[in-house]
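First comes the structure, then the notes that go with it.
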Amino acid sequence: MDVITYSEARANLKGIMDQVVSDRTHVVVTRQKAESIVMVSLEDWNAIEETMYLLSNRTNADRLRQSIEQLDGDGGNERGLIEP
9 MDVITYSEAR
19 ANLKGIMDQV
29 VSDRTHVVVT
39 RQKAESIVMV
49 SLEDWNAIEE
59 TMYLLSNRTN
69 ADRLRQSIEQ
79 LDGDGGNERG
89 LIEP
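Residue numbers (the working numbering): 9 to 92.
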């Protein structure tokens with residue numbers, strides 16, 4: 009994750025936005041007298057929101073964690089994709 013100043017962001021906004029999208033990275037923009045912000049692609053932001061939603065319910069979060077532990081312990085079955 010890169011950290012840049014507001015002035016740098018302003019001078020190269022298009023390039024920075026293109027980098028964020030193409031590299032799937034985040035950029036922190038610092039400001040002198042205000043809180044910093046994070047620039048992230050819409051696709052990444054939607055994924056972050058979906059993850060937060062799924063983990064916001066304790067029962068669902070526990071089930072997801074158990075599934076991950078099961079897969080990490082070689083408890084899953086590999087299957088091929090179904091072609092439409």
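Ideal Cβ positions, reconstructed from N, Cα and C, are used throughout, including at glycine. Predicted, not measured: the structure shown is a model, and the values here were computed from it.
Three or more pairs of CB atoms, one per stretch, sit closer than 8 Å, so the region 31 to 40 contacts the region 11 to 21. Residue pairing of T13 in beta bridges, as defined by DSSP: T38. Assignment of alpha helix (DSSP H) within the region 46 to 71, counting only whole runs of 4 or more residues, yields 50 to 64 in chain order.
Here the alpha carbon of L89 sits roughly 40 Å from the alpha carbon of I45. According to the DSSP assignment, L21 belongs to the alpha helix (DSSP H) that extends over 21 to 31.
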